[in-house]
Structure formats: structure tokens, C-alpha cells
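Residues in the sequence shown are numbered from 6 upward in steps of one, following this note's numbering.
Heads up, the beta-carbon is just placed ideally off N, CA and C, and yes, glycines get one too.
Model, not experiment: these values are computed from the prediction.
Before any comments, here is the structure.
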Amino acid sequence: MNTDQILAVLSANAGIYLPIFIAVGIYLLKFIVQSSVKLVFYGLIAIAGFYLYRNSDVIMAHFPMLYQ
């Protein structure tokens, strides 16, 4: 089958396939967005934790009440 025939079949059956394609696309987009938000969130936590770990003496100097 060449592309013209495939396009003709798809356009003839667009009423069936279009909602499925849209639903799958939205689902994948939602999944990608959720996972990337989670990754960014964990990345920020990791960076903040590493920064606090590296600068713990600075924090001790500023907030001695945390280490009593």
C-alpha cells in the first residue's frame, strides 16, 4: 500500500480511529507530564539536600538552635 491508499483508508475510518488516537495521545502526554514533574521534584529535592549537606557548617553557624 502506498501513502495515498493508507490516507484514504484512514480518512474513511477517521470516525473510528480519531478518538482512539486522541485518547492515546492525551494519555501518553499526561503520563509524560506527570513523570517529568515527579523527576523535576525529586531532582530539586536531591539538589537541595546535596547543597545542605555540602554547606552544613554554614547552616550550623546561621542556625545553631537546630543542632542542640
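Shown here, F55 sits in a helix according to DSSP, grouped into three states.
S61 and Y47 have their C-alpha atoms spaced approximately 20 Å apart. A17 and L34 have their C-alpha atoms roughly 26 Å apart.
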